[in-house]
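> In this note's numbering, the protein residues as written are 238 to 433. The structure that follows is given in the form of structure tokens.
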């Protein structure tokens with residue numbers, strides 16, 4: 238049974254590094270597909286700039302030519318504060334899943350609500366982020382080692398691209414060429430997103 242990759246995030250906006258990570262995971266982990274899961278209201282960060290429907294629209298535009306990358310709206314449909322454990326518990330039991338993490342998320346993983354249950358419910362895979370080591374927290378290492386499991390690595394060329402930097406550039410009318418897909422950029426312009 239091939240596994241399904243899960244890539245959660247704010248996607249405010251979705252950018253080229255999100256798509257590159259999804260593609261890299263498809264190949265490196267031999268996944269059937271990768272699902273992008275936009276958060277409704279991430280509890281570890283401030284309010285999002287684009288609405289849930291706008292973020293979903295941008296994802297649909299970004300993945301229009303990516304048949305193995307799909308949108309999963311479970312967290313937005315559920316609403317309220319977004320906790321990964323709720324998403325993991327709602328996954329189909331007949332499928333195997335891999336939660337894809339950036340190195341920064343891996344470093345903070347043990348601060349997530351019911352992180353042990355998340356680690357028990359899905360496999361974990363991490364991709365590099367600039368300047369952040371790939372070592373799992375000791376608590377997570379011990380938890381997985383007790384089950385003879387570990388964190389998988391997604392070989393990923395580091396891309397210093399962040400949604401916050403893109404929003405800042407857009408707020409100052411600076412170009413974002415090569416940072417977001419062209420249909421996404423046209424959508425942002427049409428809806429005047431991220432302009433102060």
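Here a beta-carbon is modelled for each residue, glycine too, at the ideal position from N, C-alpha and C. Keep in mind the model is a prediction, meaning the values are calculated, not measured.
Do residue 396 and residue 287 have their C-beta atoms closer together than 8 Å?
Mapped onto the chain shown, residue 396 falls at position 159. Mapped onto the chain shown, residue 287 falls at position 50. Not closer than 8 Å, so no.
> Considering Cα atoms alone, identify which of 378, 355, 394 and 349 is closest to residue 364.
Counting from 1 along the chain shown, the entry for residue 364 is found at position 127. For residue 364, the nearest C-alpha among the options comes from 394.
> Can you list, in chain order, the residues of its chain whose CB lies under 6 Å from that of residue 338, leaving out five sequence neighbours each side?
The sequence position of residue 338 within the chain shown is 101, counting from 1. The answer, listed in chain order, is 363.
> Can you have a look at residue 345 and say buried or exposed, based on whether 16 or more other CB atoms are within 10 angstroms of its CB?
In the chain shown, the residue the question calls residue 345 occupies position 108. With fewer than 16 other Cβ atoms within 10 Å, it is exposed.
> Taking only three categories from DSSP, how would you classify residue 327?
The residue you call residue 327 lines up with position 90 of the chain shown. Looking at residue 327 - three-state DSSP - the assignment turns out to be coil, as it is neither helix nor strand.
> Buried or exposed: which applies to residue 243, given that a residue is buried once 16 or more other Cβ atoms fall within 10 Å of its Cβ?
The count along the chain shown starts at 1 and reaches residue 243 at position 6. With 16 or more Cβ atoms within 10 Å of its Cβ, residue 243 is classed as buried.
> Taking 8 Å as the threshold (C-beta atoms), are residue 316 and residue 276 in contact?
In the chain shown, the residue the question calls residue 276 occupies position 39. In the chain shown, the residue the question calls residue 316 occupies position 79. No, the Cβ-Cβ distance between residue 276 and residue 316 is not below 8 Å.
> Is there contact between the segment 348 to 363 and the segment 372 to 387, where contact requires at least three CB pairs shorter than 8 Å?
Contact between the segment 348 to 363 and the segment 372 to 387 is present, because at least three Cβ pairs lie under 8 Å.
> Per DSSP, residue 336 is paired with what?
Locating residue 336 in the chain shown gives position 99, counting from the first residue. In DSSP, residue 336 forms a bridge with 243 and 361.
> Of the choices 279, 258, 284 and 285, whose alpha-carbon is the least far from that of residue 272?
Your numbering for residue 272 matches position 35 in the chain shown. Selected option, being the one with the closest Cα: 258.
> Where in the segment 364 to 419 do unbroken runs of the beta strand (DSSP E), each at least 3 residues long, occur, reported from the N-terminal end onward?
Entirely contained in the segment 364 to 419, the beta strand (DSSP E) runs reaching 3 residues are, in chain order, 389 to 391.
> Is the beta carbon of residue 424 within less than 7 Å of some heavy atom of the ligand SAH?
Inclusion of the ligand SAH in the displayed structure is not the case, the ligand content being empty and no account of it being possible.
> Residue 387 to residue 263, Cα distance in whole Å?
Counting from 1 along the chain shown, the entry for residue 387 is found at position 150. Counting from 1 along the chain shown, the entry for residue 263 is found at position 26. Going from the Cα of residue 387 to the Cα of residue 263 covers about 19 Å.
> Assign residue 319 to one of two classes, buried (16 or more other C-beta atoms within 10 Å of its C-beta) or exposed (fewer than that).
Counting from one through the chain shown, the residue named residue 319 turns up at place 82. Classification for residue 319: buried.
> Buried or exposed: where does residue 330 fall if 16 or more other Cβ atoms within 10 Å of its Cβ makes it buried?
Translated into positions along the chain shown, residue 330 becomes position 93. The residue is exposed, with fewer than 16 neighbouring Cβ atoms inside 10 Å.
> Is the beta carbon of residue 295 closer than 8 Å to that of residue 179?
This structure cannot speak to residue 179, because the chain is shown only from 238 to 433.
> From 241, 348 and 427, pick the residue whose C-alpha is nearest to that of residue 322; which is it?
To locate residue 322, count along the chain shown from 1; it is residue 85. The option with the nearest alpha carbon to residue 322 is 348.
> Please classify residue 252: is it buried, with 16 or more other beta-carbons within 10 angstroms of its beta-carbon, or exposed?
Here residue 252 is taken as the residue at index 15 of the chain shown, counted from 1. Answer is buried; the Cβ neighbour count reaches 16.
> Looking at the secondary structure, which residues open and close the alpha helix (DSSP H) in which residue 253 lies?
Here residue 253 refers to the residue found at position 16 of the chain shown. 253 to 265 is the span of the alpha helix (DSSP H), which, as asked, contains residue 253.
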